[in-house]
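Enquirer: Protein chains in written order, with the UniProt record's numbering: chain S, 1 to 203; chain A, 1 to 203; chain F, 1 to 203.
For every residue, glycine included, the Cβ atom is placed at its ideal position computed from N, Cα and C.
These numbers come from a predicted model, not from an experiment.
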């Protein structure tokens, strides 16, 4: 139950991040909704396609559609206020990343794939929606630019795998994994930590 | 039979739209064929991947490959004439959008998915090929820019779902749904109707 | 055994091409690894999604993950030397294209799909990783720009299909197909052969 609420919250914040990016790119109302939906559902759809779940779960549950659409419409209607909440959106994006990475890894583990496969699929689920959003708006995806993005997802996925091996309660694992992802993202954004860039690139 | 002819026509016009865009981007002959094929087959491949049809139907039927290749080559050879037919291409694109949305929705319904899932998958089938074309050419997909594009697809998908519930003949449903999509696209292009854009965006 | 070694070599060279492109785009260390992995695994993942192999084989074999990561890290650490080896990288890219096209076609044929379906899936497997790499970096994919790229892949795929029909030994078919792809790429790059571009494009 807690997990469902958290997942719907993740959908809402990912949809909001997509819709806000669409408003900035001056798309119309439908484009805003389409991009919000794509950002929110993209990661889960990729996860289910990789795992062979047909049709993807996020296309089969009505609340999974309604929540992102409503979130996108709210952004469209109130975007100046939302844009001012830029920090809140970054936080929400981090929450979404954590939740989808954790639930993606857990879903994969439940289908008896090897641990590293589950980590990869969980990271893909967490990162996929935002990558689609950036691709559609012709931007280099944040996962490739923003430091410690993929690493944060990897940390969350590893927590789920280790917790699963140690037979921790699933709810505890989900909370610890998600919180770790959010913490890593928040701290690195706050401290402006960067991973090293290769030196002396002659373009 | 009518449906097969219409679907092949849809493949041809989508391939032509991809090939024309490729000619404009100054791709070579092979690039034109590759982009034409991708535009024509993309929507159906995405639909079948979501529904778990392996390998996708559009990769298993020889006419589904021959028709787009021939259409792309014709565009490559005669492109100035085709380019002058810009309105015909826009009309054809609308026909393709209608046909693939309708056939995608009907295919999904036949696999016993919920109605809204069928609508989503049908819209994806109709929109997918053109979105791939624009992504590969580094353009923001038309579905995000051109007003009433996604809405037209949604209208066609809803007609199929309602007709299916009311047990209308499948052929009638397909025709009504496709015609409605084409009508919406033609009227909005002709009247230059736009959906609202968010006001006061500070970029 | 030879095939496994060749496939791992293909993964390494594709990962190196992705990592080198990422270094040039000034991504950080994680971005370099993510793009290297995506380039190396992309084609195989797309192939398995189209064929319904869940989860994709390249996500289930640890060496398939370790080799690209190591290759990407080596590029990140030693990129000036690697960049100077530009010809070697182009050769390696051709080898990867050949190997993945051949193994993709053979994998598809083993699942009893029609010959042209196997060719299409094999070409997609060979081309897919590089196309993803270019998409993520916002470039028009090489397959659409570089002449004789898709054709080289097609030639390799046809060799595999013909060899399969004639019941040649699988190893021989793989070698002949891969070598043919590499030869076509090398000769066309060396002689700077181009496919025709449509004349008189008014943009």
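With three or more beta-carbon pairs closer than 8 Å as the criterion, would you say the region 111–118 of chain F touches the region 173–185 of chain F?
Expert: Taking 8 Å as the limit for Cβ pairs, the verdict is that the region 173–185 of chain F does not touch the region 111–118 of chain F.
Enquirer: Give the single residue among S/181, S/151 and S/29 whose Cα lies nearest to the Cα of residue 30 of chain F.
Expert: Among S/181, S/151 and S/29, the Cα nearest to that of residue 30 of chain F belongs to S/151.
Enquirer: Kindly list the residues whose CB is nearer than 8 Å to the CB of residue 204 of chain S, restricted to its own chain and excluding five residues on each side of it in sequence; keep chain order.
Expert: Nothing can be reported for residue 204 of chain S: it is not among the residues displayed for chain S, which extend from 1 to 203.
Enquirer: Please report whether the beta-carbon of residue 30 of chain F lies at a distance below 8 Å from any beta-carbon of chain S.
Expert: True, the Cβ-Cβ gap to chain S drops below 8 Å.
Enquirer: Around the C-beta of residue 63 of chain S, are 16 or more other C-beta atoms found within 10 angstroms, so that it is buried, or is it exposed?
Expert: Classification of residue 63 of chain S: exposed, given that the 10 Å Cβ count is below 16.
Enquirer: Tell me, please, whether the region 31–50 of chain A touches the region 93–107 of chain F by the rule of three or more beta-carbon pairs shorter than 8 Å.
Expert: Flag = no, the region 31–50 of chain A and the region 93–107 of chain F do not touch.
Enquirer: Any idea what DSSP makes of residue 171 of chain F, helix, strand or coil?
Expert: In this structure, residue 171 of chain F counts as helix in the three-state DSSP scheme.
Enquirer: At 9 Å on the CB atoms, spell out the chain A contacts of residue 45 of chain F, in chain order.
Expert: Neighbours of residue 45 of chain F on chain A: none; closest Cβ ~12 Å, over 9 Å.
Enquirer: Taking the straight line between their C-alpha atoms, what separation do you get for residue 74 of chain S and residue 9 of chain S?
Expert: So the two alpha carbons sit approximately 14 Å from each other.
Enquirer: Would residue 203 of chain F pass as an interface residue toward chain A - the criterion being a Cβ-Cβ separation below 8 Å?
Expert: Unreliable placement is indicated for residue 203 of chain F, whose pLDDT of 41 sits below 50; the coordinate value is still reported in the next sentence. Yes, residue 203 of chain F counts as interfacial toward chain A.
Enquirer: 8 Å is my cut-off, CB to CB: does residue 64 of chain F come that close to chain A?
Expert: By this cut-off, residue 64 of chain F is not an interface position.
Enquirer: At the level of alpha carbons, what is the spacing between residue 21 of chain F and residue 36 of chain F?
Expert: Rounded to the nearest angstrom, the two C-alpha atoms are 9 Å apart.
Enquirer: Quick one: is residue 34 of chain F buried, meaning 16 or more other Cβ sit within 10 Å of its Cβ, or exposed?
Expert: Residue 34 of chain F is buried by the Cβ-count criterion.
Enquirer: Identify which residue in F/6, F/180 and F/13 has its Cα closest to the Cα of residue 93 of chain F.
Expert: Closest option to residue 93 of chain F, Cα to Cα, is F/13.
Enquirer: Return helix, strand or coil for residue 35 of chain A, following the three-state DSSP convention.
Expert: Correct three-state label for residue 35 of chain A: helix.
Enquirer: With burial defined as no fewer than 16 other Cβ atoms inside 10 Å of the residue's Cβ, what is the status of residue 55 of chain F: buried or exposed?
Expert: Looking at its Cβ environment, which holds 16 or more other Cβ atoms inside 10 Å, residue 55 of chain F is buried.
Enquirer: Where does the unbroken alpha helix (DSSP H) through residue 164 of chain A begin, and where does it stop?
Expert: That run of the alpha helix (DSSP H) goes 149–165.
Enquirer: Note down, in chain order, each residue of its chain lying with its Cβ closer than 6 Å to the Cβ of residue 72 of chain A, except the 5 sequence neighbours on either side.
Expert: Only 15, 19, 32, 33 and 36 meet the Cβ criterion.
Enquirer: Residue range of the alpha helix (DSSP H) that residue 143 of chain F falls in?
Expert: 142–145 is the extent of the alpha helix (DSSP H) around residue 143 of chain F.
Enquirer: List the endpoints of the continuous alpha helix (DSSP H) containing residue 132 of chain S.
Expert: Segment 115–136, the alpha helix (DSSP H) holding residue 132 of chain S.
Enquirer: Can you tell me the Cβ-Cβ gap for residue 131 of chain A and residue 143 of chain A, rounded? I've got them flagged as a contact below 8 Å.
Expert: Indeed they touch by this definition, with Cβ atoms about 6 Å apart.
Enquirer: Let's test the definition: count the other Cβ atoms within 10 Å of the Cβ of residue 165 of chain A and tell me whether it reaches 16, buried, or not, exposed.
Expert: Answer is exposed; the Cβ neighbour count stays below 16.
Enquirer: Run through chain S and tell me which residues come within less than 8 Å of residue 138 of chain F, C-beta to C-beta.
Expert: Per Cβ cutoff of 8 Å: 138, 139 and 140.
Enquirer: Sort F/28, F/26 and F/44 by Cα distance to residue 11 of chain F and report the nearest one.
Expert: Nearest of F/28, F/26 and F/44 to residue 11 of chain F, Cα basis: F/44.
Enquirer: Flag this pair as yes or no: are the beta carbons of residue 4 of chain A and residue 95 of chain A separated by less than 8 Å?
Expert: No. Outside cutoff.
Enquirer: At the level of alpha carbons, what is the spacing between residue 60 of chain S and residue 167 of chain F?
Expert: Rounded to the nearest angstrom, the two C-alpha atoms are 45 Å apart.
Enquirer: At what residue ranges does the region 38–98 of chain A contain a whole run of the alpha helix (DSSP H), taking only runs of 4 or more?
Expert: The qualifying runs are 62–84.
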